[in-house]
Each structure stands twice: as C-alpha cells, then as structure tokens.
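These protein sequence lines map, in sequence, to chains A and B.
Each residue of the first sequence is one higher than the last, beginning at 1 in our numbering.
Each residue of the second sequence is one higher than the last, beginning at 263 in our numbering.
Glycine residues also receive a C-beta, built at the ideal position from the N, C-alpha and C atoms.
On a predicted model such as this, the values are computed, not experimentally measured, just so you know.
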Amino acid sequence: MERAIRDEAVDVHALEPEAFLEEVHSFEFWFHSVQGYLAGQTFGHRPDVQGAPLAPHERERLVTVLCNYCVGETAALEGASGLVSIAPNRLTKVFLATQVADEGRHLEVLLHRLGELGVPSPETEIERRASRSLLHFKRRLLELVQSRDWEAAIFAQNVILEAMEFTVFQSHARTADLVTREVLQGIVKDERRHIGFGENELGRRLQASPHIRARIGEVKKELDHWVLESFEETLREIGVPNEERPELGRNYLEVVARLGFA
Amino acid sequence: MSADPLLRHEDSEEATPRQRFLLEDTGFDEVPPKYRRFYRKWKGPGDTLAPNEVVCPVCKVVIRSTRELRPGDRVYCMPCMSRLVVVRAEDGGFEARVAY
C-alpha cells in the first residue's frame, strides 16, 4: 500500500483521521521519532555527561528508586509483549511492537544506571528492594493479559501504569543527578506515546461498547489502591514534599476523568 | 450528508479571516523531522500561547497550527497520538479536548 503521507510540507492537522492513525501507529513513525532524541546517546544519556558523586544516603535512595523503576518497566515489557497476540488489529499490534522495544530499552538503561552506581548484581538488588504494592500490581496486570482481556489490560498498563511512570519520571528528572536526569527524560519522551495510545484506544473502545465501562471500573477500583500506594512510596523516596504530591497525582486523575471514571 | 462536527466553526468567528503563521522548528525532537514545527515544549504556567497554539491535555505538549485556531478546529498531537478538538475555555481562551 502506498503510504498516505509523503509531502515534507504536509499540514499534519489536515490529515484525515484514518491517515493520522495509520501514521502514528507505524514502525516508520516510531523509528524517526526516537532517532530524534536517542541518536548519539549511550545507555540513555550523552556519553560525556558525568553525574556528581552522590552522598551514601542519596545513592542508597536512588538505587531503591531505580530498582522499582525496573519492576515497573519489566511489567510493561512483559505486558506489552503479551498484548501483541491479543491486539484487535494490525495498527495496535505494530504499535505494541514499538512499545515492547521502548520498554526493553528502558529496562536496559535503568539496569545500566544501577551498574554505574556500583550495584554489582542489579537483578538481585531489584528482588531485595522491590515494592510489595508494585509487585502485586505487576502480577494482576499479567493476569489480565493472560486472561486475554484487552480493554482491562490496556487500562492497567497503558493508562494506570504509564500515567504513574510519566508523572514520577518527570518529577524525578527535575531533581535527579545529570545522568539519571537524561535517562529519565528520554524515557518520558517514549511514555508520551504509551499514555496516548492507552487513553485513545480505551476511549474509542468505551465509545463503541459502553457496556465494558462497568468492568473497567471494577479493575480501576481494585488496582487504584496498589498504584497509589506504590506512587506514594516512590515520591517519598525521591524526596517530593508532601504538599506537592496531590498535584502530581492529578495527572492520573485527569486521565481517568476524561475516560469517564471520575 | 452531515458535516463533521469537528470541522464546524462558529459562524461569526468564521466570517473574520484567520491569521496565518509561518511555523519554524523550535527544537522539539519527539516526532519525525517533517512534523517537528507543529509542536513545541510547554514551558509551564508562565508560558503564553499564541493564537495558533493549544496545549495537549494528554501529554502537555504545545500543538501549533499554520492558522489561527478557532472553536471546532481539529488538531492532532502526534507525540501522544491524540485527535483533539479546540473549544472555548471558561477563561475565554482556547483549550483542546480529546476526541476519541
């Protein structure tokens, strides 16, 4: 099939909705997007960027936080790869393939960062420091994928988990050491696609099949507790003051409100 | 044939010619080069939007158009893959709503 978009001077807003969706779900779009911000980087940051030495207590907290980011990214990697087989059409399958690549990269750069911080065996350290609530969330997410519940799994992964990561990583990047900051900023750029995919895919599904709303509402009710607990734990570890935490949680609340789950 | 509601404009506003804008690359690097001029980073609460700009409610990127925006216009946020419609906000300005 001839690609709908060739003109360098194309007005993106004049595209027909179908042409837009075809474009943004494609591997071609993904490749030229990530090339813009990952080219020239090594393990998610510019090779010449050095982090200032961290005090022992700062390093300890950062290691715990990064270990839990790895749990979240592993959940998303396993979840997205499982979702490819139950995705309802070619566009969603191809998009999820790009998300799998993103999540694999995230896990790799975070593990590498743990190595740079002197953690000899990151996998062992992750097991030791993983948050109970995040592990519970991961288990439930993978159960939803295994049960082939497309809408519930997309909600858990690309709405709940990705919204939380998007907010936490953005917040953490503002105060992190230079290396960690660049790693997180690169991940956030990928996360924009993931949260948008989740919200739009689920929004379209809810419009077409309103009866699924009750089921998604139940999933939200069940998972909210685990997500918010894990969100709180991470914000505490990265030192976000209490008074700023509700503001950060607002992003997730806005997403679920737009989908009609306020 | 019914008109696409996303492309319908307020009559009184449509009678006034729209300003046109020449978009330049602002360094936004999250979409392929040919689309970059249509987006820029949101600089926070102090950031002022031009008449051809609106913030994406999903991912908070500023979406730019080659023409002045008006209620009913359809815009796309490529960084988060969202289709949006411009509406008048309570404060009199414009905001974008997601059109699933």
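Residue of the options minimising C-alpha distance to residue i
{"i": "A/G118", "options": "A/Y69, A/R132, A/L62 and A/A173", "result": "A/L62"}
{"i": "A/G249", "options": "A/A19, A/G217, A/V227 and A/E60", "result": "A/V227"}
{"i": "A/L206", "options": "A/S33, A/L259, A/L110 and A/T64", "result": "A/L259"}
{"i": "A/G203", "options": "B/E352, B/L346 and B/G355", "result": "B/L346"}
{"i": "A/V188", "options": "B/E315, B/N314, B/T310 and B/K322", "result": "B/K322"}
{"i": "A/E233", "options": "A/G51, A/E165 and A/E108", "result": "A/E165"}
{"i": "B/T328", "options": "B/T278, B/L284 and B/T288", "result": "B/L284"}
{"i": "A/L77", "options": "A/E182, A/Q41, A/R139 and A/S33", "result": "A/R139"}
{"i": "A/Y252", "options": "A/F43, A/A262 and A/Q35", "result": "A/A262"}
{"i": "A/H13", "options": "B/E292, B/T288, B/A277 and B/R298", "result": "B/R298"}
{"i": "A/L135", "options": "A/A55, A/E229 and A/Q50", "result": "A/E229"}
{"i": "B/G334", "options": "B/E357, B/R326, B/Y362 and B/C318", "result": "B/E357"}
{"i": "B/T288", "options": "B/K305, B/T278 and B/A351", "result": "B/K305"}
{"i": "B/K303", "options": "A/A19, A/Q185, A/E28 and A/A55", "result": "A/Q185"}
{"i": "A/V179", "options": "A/F29, A/H32 and A/Q50", "result": "A/Q50"}
{"i": "A/Y69", "options": "A/G36, A/L144, A/P47 and A/L110", "result": "A/L110"}
{"i": "B/R300", "options": "B/E315, B/T310 and B/P307", "result": "Residue 300 of chain B is actually Phe in this sequence, not Arg. Among B/E315, B/T310 and B/P307, the Cα nearest to that of B/F300 is on B/E315."}
{"i": "A/L66", "options": "A/W30, A/D190, A/A80 and A/I238", "result": "A/I238"}
{"i": "A/R213", "options": "A/F155, A/V183 and A/V240", "result": "A/F155"}
{"i": "A/E28", "options": "A/A97, A/F43 and A/D48", "result": "A/A97"}
{"i": "A/E222", "options": "A/P122, A/V10, A/F31 and A/A153", "result": "A/A153"}
{"i": "A/V256", "options": "A/G198, A/Y37 and A/L38", "result": "A/G198"}
{"i": "A/S147", "options": "A/G82, A/A19, A/N200 and A/L54", "result": "A/G82"}
{"i": "A/T74", "options": "A/D224, A/E108, A/T64 and A/T42", "result": "A/E108"}
{"i": "A/L116", "options": "A/H32, A/F137, A/V34 and A/V183", "result": "Per the sequence shown, residue 116 of chain A should be read as Glu rather than Leu. When each option's Cα is compared against that of A/E116, the closest is A/V183."}
{"i": "A/S10", "options": "B/R282, B/A277 and B/K296", "result": "The sequence given here places Val at residue 10 of chain A; Ser does not occur at that position. When only C-alpha atoms are compared, the closest one is B/K296."}
{"i": "A/F95", "options": "A/R236, A/Y37, A/G196 and A/S209", "result": "A/G196"}
{"i": "A/T42", "options": "A/L54, A/L235 and A/H112", "result": "A/H112"}
{"i": "A/W150", "options": "A/L114, A/T167 and A/S209", "result": "A/S209"}
{"i": "A/T64", "options": "A/A101, A/S131 and A/R192", "result": "A/S131"}
{"i": "A/L15", "options": "B/S344, B/C318 and B/D353", "result": "B/S344"}
Extent of the continuous alpha helix (DSSP H) run through residue i
{"i": "A/E16", "result": "No alpha helix (DSSP H) holds A/E16; DSSP gives it neither H nor E."}
{"i": "B/V323", "result": "Run containing B/V323: none; DSSP gives neither H nor E here."}
{"i": "A/F29", "result": "F27 to L38"}
Where residue i falls, given that 16 or more other Cβ within 10 Å makes a residue buried
{"i": "A/Q99", "result": "buried"}
{"i": "B/F290", "result": "buried"}
{"i": "A/H45", "result": "buried"}
{"i": "B/V360", "result": "buried"}
{"i": "A/Q157", "result": "buried"}
{"i": "B/P267", "result": "Legend: pLDDT at B/P267 = 48, less than 50; position of this residue unreliable, value from coordinates given subsequently. Counting Cβ neighbours within 10 Å, B/P267 comes out exposed, since fewer than 16 surround it."}
{"i": "A/H194", "result": "buried"}
{"i": "B/V324", "result": "buried"}
{"i": "B/V349", "result": "exposed"}
{"i": "A/G72", "result": "buried"}
{"i": "A/H211", "result": "exposed"}
{"i": "A/D190", "result": "buried"}
{"i": "A/S171", "result": "buried"}
{"i": "A/G79", "result": "buried"}
{"i": "A/N242", "result": "exposed"}
{"i": "A/S121", "result": "exposed"}
{"i": "A/F31", "result": "exposed"}
{"i": "B/P294", "result": "buried"}
{"i": "A/E143", "result": "exposed"}
{"i": "A/E201", "result": "buried"}
{"i": "A/H225", "result": "exposed"}
{"i": "B/A351", "result": "exposed"}
Extent of the continuous beta strand (DSSP E) to which residue i belongs
{"i": "B/V348", "result": "S344 to R350"}
{"i": "B/E315", "result": "E315 to V317"}
{"i": "B/A277", "result": "Element bounds for B/A277: n/a, residue is neither H nor E."}
{"i": "A/V63", "result": "No beta strand (DSSP E) holds A/V63; the alpha helix (DSSP H) holding it covers P56 to V84."}
{"i": "B/V360", "result": "F356 to V360"}
{"i": "B/Y297", "result": "Taken as a continuous stretch (DSSP letters only), B/Y297 belongs to no beta strand (DSSP E), as it is neither H nor E."}
{"i": "B/D337", "result": "For the sequence presented, residue 337 of chain B should be read as Val rather than Asp. Unbroken beta strand (DSSP E) run through B/V337: R336 to C339."}
Beta carbon proximity, residue i to chain C, threshold 9 angstroms
{"i": "A/N89", "result": "Within the model displayed, chain C is absent; protein chains A and B are what it includes."}
* On the three-pair Cβ rule with 8 angstroms, is the stretch 162 to 182 of chain A touching the stretch 80 to 97 of chain A? -> no
* Meets three-Cβ-pair contact criterion under 8 angstroms: the stretch 325 to 345 of chain B and the stretch 10 to 27 of chain A -> yes
* Asked: Can you list, in chain order, the stretches of the alpha helix (DSSP H) that have 4 or more residues and sit fully within the stretch 101 to 188 of chain A?
  -> 122 to 129, 132 to 146, 150 to 154 and 162 to 175
* **Validate contact between the stretch 120 to 127 of chain A and the stretch 210 to 228 of chain A using beta carbons, cut 8 angstroms, 3 pairs** => no
* Asked: Could you give the uninterrupted runs of the alpha helix (DSSP H) lying entirely in the stretch 179 to 262 of chain A, keeping only those of 4 residues or more?
  -> 213 to 237 and 245 to 258
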